[in-house]
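Enquirer:
In the working numbering, the protein residues as written are 1 to 173.
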């Protein structure tokens with residue numbers, strides 16, 4: 001898989017604060033084809049991770065509030081992956097994960113495909129993309145997978161969601 005991801009190291013698409021999800025359709029389609037993951041599932045992950053905002057970062061903290069890692073871009077690639085991606089020649093630094101959204105999607109798909117190789121193509125395994133593999137994180141994996149499943153249904157047009165008095169209400173379409 002290393003060679004596959006290296007072939008996507010140039011990215012003509014630059015991040016734009018107003019980029020609609022359709023802007024990245026080709027990126028999701030290419031990543032899905034390369035890693036045999038349905039592009040709509042990758043879009044659902046991106047919606048759950050970043051709400052399709054390629055410039056977004058998130059600082060992860062331990063129970064004491066100390067920063068432990070940072071997530072970057074559309075697919076919220078964790079900083080723990082950055083040293084390996086630099087060694088592989090895929091990125092020069094973490095800022096590439098923000099400036100090159102198609103590459104971010106490719107890397108996210110690559111990571112998810114690696115997870116599926118470890119634990120199978122299941123919703124619980126999809127949850128490991130966010131919560132990791134530790135046994136004590138099973139409930140967190142399920143919650144994440146259910147959230148992504150909901151976004152997947154929305155993107156497929158099988159349910160409609162709206163905000164009502166600050167709450168997200170969803171129903172079948």
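All C-beta atoms, glycine included, are put in the ideal place defined by N, C-alpha and C. Keep in mind that this is a model prediction, so the values were computed, not measured.
Going by beta carbon distance, what residues of the same chain come within less than 8 angstroms of residue 81, once the five residues before and after it are set aside?
Expert: Reading the chain shown from its first residue, position 81 is the one you call residue 81. Excluding positions up to five away in sequence, the list reads 107 and 111.
Enquirer: For residue 96, count neighbouring C-beta atoms within 10 Å of its own C-beta (all shown protein chains included) and say buried if the count is 16 or more, exposed if not.
Expert: As a working note, residue 96 is residue 96 in the chain shown. By the 10 Å Cβ count, residue 96 comes out buried.
Enquirer: Report the rounded CA-to-CA distance for residue 137 versus residue 103, giving the unit in angstroms.
Expert: The residue given as residue 137 occupies position 137 in the chain shown. The residue given as residue 103 occupies position 103 in the chain shown. Between residue 137 and residue 103, the C-alpha separation is close to 28 angstroms.
Enquirer: If we ignore side chains and look at the alpha-carbon of each, how far apart do residue 113 and residue 122 end up?
Expert: For the purposes of this step, residue 113 is taken as residue 113 along the chain shown, with counting starting at 1. For the purposes of this step, residue 122 is taken as residue 122 along the chain shown, with counting starting at 1. Rounded to the nearest angstrom, the two C-alpha atoms are 12 angstroms apart.
Enquirer: Can at least three beta-carbon pairs, one atom from the stretch 157–164 and one from the stretch 31–48, be found at a separation below 8 angstroms?
Expert: no
Enquirer: In this structure, what does DSSP give as the bridge partners for residue 159?
Expert: Here residue 159 is taken as the residue at index 159 of the chain shown, counted from 1. For residue 159, which the question treats as bridged, DSSP gives the partners 172.
Enquirer: To the nearest angstrom, how far is the alpha carbon of residue 61 from that of residue 78?
Expert: In the chain shown, counting from the first residue as 1, residue 61 sits at position 61. In the chain shown, counting from the first residue as 1, residue 78 sits at position 78. Per the coordinates, the alpha-carbon of residue 61 lies some 12 angstroms from the alpha-carbon of residue 78.
Enquirer: Counting only the same chain and skipping the five closest in sequence on each side, list residues whose C-beta sits under 8 angstroms from that of residue 67.
Expert: Counting from one through the chain shown, the residue named residue 67 turns up at place 67. Within the same chain, residue 67 has close Cβ partners 59, 60 and 61.
Enquirer: How is residue 83 classed by DSSP in three states: helix, strand or coil?
Expert: Within the chain shown, residue 83 is the residue found at index 83, counting from 1. In the three-state scheme derived from DSSP, where H, G and I count as helix and E and B as strand, residue 83 is classed as helix.
Enquirer: Which first and last residues belong to the alpha helix (DSSP H) in which residue 68 is found?
Expert: Along the chain shown, one-based indexing puts residue 68 at 68. Premise fails: residue 68 lies in the beta strand (DSSP E), 67–72, not in any alpha helix (DSSP H).
Enquirer: Taking the DSSP output, what are the residues bridged to residue 78?
Expert: As a first step, residue 78 must be located in the chain shown, where it is residue number 78. According to DSSP, residue 78 bridges with 71.
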